[in-house]
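Enquirer: The structure is given below, and queries will be raised subsequently.
Have a look at this one:
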């Protein structure tokens with residue numbers, strides 16, 4: 001194990017979960033939550049801060065400010081504490097309480113926006129507040145994750161190459177869409193790769209990233225109430241929209257097997273499983289990116305009263321949460337998928353070899 005002196009110096013980048021035993025479809029889930037910030041946002045936060053430092057935008061007296069629904073705010077809180085900056089996170093009432101407390105524990109200030117903007121979301125109001133702060137005091141430095149190229153470059157340089165190294169025969173990649181930094185970085189990388197990769201964006205119903213009417217969204221992380229400036233749809237092959245009820249069912253099904261993931265991950269997994277169920281997955285290597293873990297969602301998507309208050313008492317029966325919309329044994333209706341080539345001694349490869357010997 002490495003010895004580090006700064007929290008952003010550590011990030012586990014090569015951990016994958018084989019979801020076939022849980023959902024019956026061949027899908028590898030890249031886990032991005034095993035770092036001190038607890039999410040994939042550590043990569044973008046580090047890239048944006050260190051670029052601002054190199055360019056002389058950040059100075060010792062600077063006050064970092066950013067609009068965030070949670071995970072980027074935590075990552076910037078951690079980096080600011082490590083580097084000695086002050087940080088103000090502008091969030092909204094959907095931000096999980098545990099996330100707000102975590103940012104404050106790291107020494108950050110948190111401002112919560114309660115009023116909806118003209119699009120029925122909070123993002124416009126959050127951005128207006130940040131702009132007003134920057135206009136009032138030139139010590140404030142807004143990294144602007146929505147427009148900052150460092151957001152997608154972090155994943156072009158790190159996330160996508162990590163996947164390519166582990167899965168040299170990758171066919172399809174599922175990526176959640178929010179600011180679209182992860183999506184654009186990975187899509188740009190694989191567009192230039194030695195083999196075609198189908199990049200599928202997974203969005204929340206009620207988000208307007210790819211058009212459509214805005215709607216209520218109570219789970220932070222994915223989706224936006226405005227079109228992301230970073231988005232270039234020419235790099236996206238397909239878009240899947242997921243209802244929040246399906247997000248929650250996917251999270252609970254994973255939890256029943258011992259994997260506690262966050263809402264963004266539940267959305268990506270749900271969308272990926274729907275796509276895989278509708279397509280011929282023989283000889284297909286599929287990977288999905290899990291942006292976060294689930295501890296910060298214990299008082300929301302894993303809390304019975306929260307679920308019943310927002311979605312009704314009958315929306316989540318114990319059977320629905322355990323099984324979800326996926327078939328219990330899809331192996332009976334499709335041919336086994338080819339397992340991708342992994343490193344020698346990999347647990348998934350060994351399991352497949354054992355299965356072959358039994359047949």
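In UniProt numbering, the protein residues as written are 1 to 359.
By construction, the Cβ of each residue, glycine as well, lies at the ideal position given by its N, Cα and C atoms.
Taking the straight line between their C-alpha atoms, what separation do you get for residue 214 and residue 173?
Expert: Here residue 214 corresponds to residue number 214 of the chain shown, with the count starting at 1. Here residue 173 corresponds to residue number 173 of the chain shown, with the count starting at 1. If I take the Cα positions, the gap works out to 26 Å.
Enquirer: Since residue 220 and residue 263 should fall inside the 8 Å C-beta cutoff, what is the C-beta to C-beta distance between them, to a whole number of angstroms?
Expert: Here residue 220 corresponds to residue number 220 of the chain shown, with the count starting at 1. Here residue 263 corresponds to residue number 263 of the chain shown, with the count starting at 1. Sure, about 7 Å apart at Cβ, within 8 Å.
Enquirer: Roughly how many whole angstroms lie between the Cα atoms of residue 269 and residue 137?
Expert: For the purposes of this step, residue 269 is identified with residue 269 of the chain shown, where counting begins at 1. For the purposes of this step, residue 137 is identified with residue 137 of the chain shown, where counting begins at 1. Looking at the two C-alpha atoms, the distance is approximately 43 Å.
Enquirer: Rounding to the nearest angstrom, what Cα-Cα distance links residue 20 and residue 290 in this structure?
Expert: Within the chain shown, the letter at position 20 stands for residue 20. Within the chain shown, the letter at position 290 stands for residue 290. If I take the Cα positions, the gap works out to 15 Å.
Enquirer: Give me, in chain order, the residues of the same chain whose beta-carbon lies closer than 6 Å to that of residue 336; leave out the 5 immediate sequence neighbours on both sides.
Expert: To locate residue 336, count along the chain shown from 1; it is residue 336. Only weak support exists for where residue 336 lies, its pLDDT of 34 falling under 50; the value from the coordinates is given anyway. Counting only Cβ-Cβ distances below 6 Å, and skipping sequence neighbours, we find nothing.
Enquirer: Mind the definition here: the region 125 to 145 touches the region 236 to 253 only if three or more C-beta pairs lie below 8 Å; say whether that holds.
Expert: At 8 Å Cβ cutoff, the stretches do not touch.
Enquirer: Enumerate in chain order the residues of its own chain whose CB-to-CB distance from residue 51 is below 6 Å, with the five nearest sequence positions on each side excluded.
Expert: As a working note, residue 51 is residue 51 in the chain shown. For residue 51, where only same-chain residues beyond five positions count, the Cβ hits under 6 Å are 150.
Enquirer: In the DSSP assignment, the alpha helix (DSSP H) including residue 95 goes from what residue to what residue?
Expert: Counting from 1 along the chain shown, the entry for residue 95 is found at position 95. Per DSSP, residue 95 belongs to no alpha helix (DSSP H) and is neither H nor E.
Enquirer: Put residue 334 into one of helix, strand or coil per three-state DSSP.
Expert: As a first step, residue 334 is located in the chain shown; it is residue number 334 there, counting from the start. Low confidence applies to residue 334: its pLDDT is 35, below 50, so where it sits in the model is not reliable, and the reading given next is rough at best. Coil, per DSSP.
Enquirer: Tell me which residue opens and which closes the alpha helix (DSSP H) that residue 123 is part of.
Expert: The sequence position of residue 123 within the chain shown is 123, counting from 1. From DSSP, the alpha helix (DSSP H) with residue 123 extends over 123 to 136.
Enquirer: Below 8 Å on the Cβ atoms is my contact criterion, and I expect residue 56 with residue 66 to pass it. Report the Cβ-Cβ distance as a whole number of Å.
Expert: Working through the chain shown from its first residue, we reach residue 56 at position 56. Working through the chain shown from its first residue, we reach residue 66 at position 66. Going by Cβ atoms, the distance from residue 56 to residue 66 rounds to 19 Å, so no, they are not a contact pair.
Enquirer: Would residue 241 pass as a contact of residue 205 if the rule is Cβ separation under 7 Å?
Expert: Translated into the one-based positions of the chain shown, residue 241 becomes position 241. Translated into the one-based positions of the chain shown, residue 205 becomes position 205. In contact: residue 241 and residue 205 (Cβ atoms closer than 7 Å).
Enquirer: At the level of alpha carbons, what is the spacing between residue 299 and residue 194?
Expert: Locating residue 299 in the chain shown gives position 299, counting from the first residue. Locating residue 194 in the chain shown gives position 194, counting from the first residue. Roughly 44 Å between the two C-alpha positions.
Enquirer: Which parts of the region 194 to 264 are runs of the beta strand (DSSP E), unbroken and 3 residues or longer, counting only runs that do not cross its ends?
Expert: Runs of the beta strand (DSSP E) inside the region 194 to 264: 198 to 204 and 238 to 242.
Enquirer: So what's residue 18 in DSSP terms, helix, strand or just coil?
Expert: Against the chain shown, residue 18 aligns to sequence position 18. Residue 18 falls in the strand class under three-state DSSP.
Enquirer: Please classify residue 181: is it buried, with 16 or more other beta-carbons within 10 angstroms of its beta-carbon, or exposed?
Expert: To locate residue 181, count along the chain shown from 1; it is residue 181. With 16 or more other Cβ atoms within 10 Å, it is buried.
Enquirer: DSSP state of residue 329, grouped into three classes?
Expert: Position 329 of the chain shown, counting from 1, holds the residue named residue 329. Summary for residue 329: the model assigns pLDDT 39, below 50, so the residue's position carries little reliability, and this model does not support an answer.
Enquirer: Does the beta carbon of residue 269 come closer than 7 Å to any beta carbon on chain B?
Expert: Looking for chain B here will not work: only one protein chain is present.
Enquirer: Could you tell me whether the region 96 to 116 touches the region 307 to 318, where touching means 3 or more Cβ pairs closer than 8 Å?
Expert: Output reads no: the region 307 to 318 does not touch the region 96 to 116.
Enquirer: Measuring alpha carbon to alpha carbon, tell me which residue in 81, 253, 69 and 70 is nearest residue 7.
Expert: As a position in the chain shown, residue 7 is number 7, starting the count at 1. It is 81 whose Cα lies nearest to the Cα of residue 7.
Enquirer: Is the beta carbon of residue 285 closer than 7 Å to that of residue 171?
Expert: Working through the chain shown from its first residue, we reach residue 171 at position 171. Working through the chain shown from its first residue, we reach residue 285 at position 285. A contact, by the Cβ cut-off of 7 Å.
Enquirer: State yes or no: is the C-beta of residue 296 within less than 7 Å of the C-beta of residue 91?
Expert: Along the chain shown, read from residue 1 onward, the residue named residue 296 stands at position 296. Along the chain shown, read from residue 1 onward, the residue named residue 91 stands at position 91. Not in contact: residue 296 and residue 91 (Cβ atoms no closer than 7 Å).
Enquirer: How should residue 201 be labelled, buried or exposed, when 16 other C-beta atoms within 10 angstroms of its C-beta is the threshold for buried?
Expert: For the purposes of this step, residue 201 is identified with residue 201 of the chain shown, where counting begins at 1. So residue 201 ends up on the buried side.
Enquirer: Could you spell out where the alpha helix (DSSP H) holding residue 49 opens and where it closes?
Expert: Within the chain shown, residue 49 is the residue found at index 49, counting from 1. Element bounds for residue 49: 41 to 54.
Enquirer: I think residue 122 touches residue 78, with their Cβ atoms under 8 Å apart; what is that distance to the nearest whole Å?
Expert: Start at 1 with the first residue of the chain shown, and residue 122 comes out as number 122. Start at 1 with the first residue of the chain shown, and residue 78 comes out as number 78. With 8 Å as the limit, residue 122 and residue 78 do not qualify as a contact, their Cβ atoms being about 23 Å apart.
Enquirer: Would you identify the three-state DSSP class for residue 279, choosing helix, strand or coil?
Expert: For this step, residue 279 is matched to residue 279 along the chain shown. DSSP places residue 279 in coil when its eight states are reduced to three.
Enquirer: Give the DSSP bridge partners of residue 30, in chain order.
Expert: In the chain shown, counting from the first residue as 1, residue 30 sits at position 30. Residue 30 pairs with 16 and 289.
Enquirer: Per DSSP, which one or two residues make a beta bridge with residue 25?
Expert: Residue 25 sits at position 25 when you count from the first residue of the chain shown. Note: residue 25 sits in no beta bridge, so no partner.
Enquirer: Please report how far the alpha carbon of residue 59 lies from the alpha carbon of residue 53, in whole angstroms.
Expert: Your numbering for residue 59 matches position 59 in the chain shown. Your numbering for residue 53 matches position 53 in the chain shown. Each residue's alpha carbon lies about 7 Å from the other.
Enquirer: Checking 7 Å against the spacing of the C-beta atoms, do residue 178 and residue 267 come in under that value?
Expert: Residue mapping note: residue 178 aligns to position 178 of the chain shown, counting from 1. Residue mapping note: residue 267 aligns to position 267 of the chain shown, counting from 1. No; because the gap between Cβ atoms is not below 7 Å, this pair is not in contact.
Enquirer: How is residue 84 classed by DSSP in three states: helix, strand or coil?
Expert: For the purposes of this step, residue 84 is taken as the residue at position 84 of the chain shown. Residue state, collapsed to three classes: coil.
Enquirer: Give the straight-line distance between the Cα atoms of residue 189 and residue 162, rounded to the nearest whole angstrom.
Expert: The residue given as residue 189 occupies position 189 in the chain shown. The residue given as residue 162 occupies position 162 in the chain shown. So the alpha carbons of these two residues sit roughly 11 Å apart.
Enquirer: Could you tell me if residue 305 is buried or exposed, where buried requires 16 or more neighbouring beta carbons within 10 angstroms of its beta carbon?
Expert: Here the question's residue 305 lines up with position 305 in the chain shown. Exposed.
Enquirer: Return the bridge partner residues of residue 111 from the DSSP annotation.
Expert: On the chain shown, residue 111 is found 111 positions in, with the first residue counted as 1. Note: residue 111 sits in a beta bridge opposite 90.
Enquirer: Mind checking who residue 140 pairs with in its DSSP beta bridge?
Expert: Residue mapping note: residue 140 aligns to position 140 of the chain shown, counting from 1. Answer by DSSP bridge pairing, in chain order: 63.
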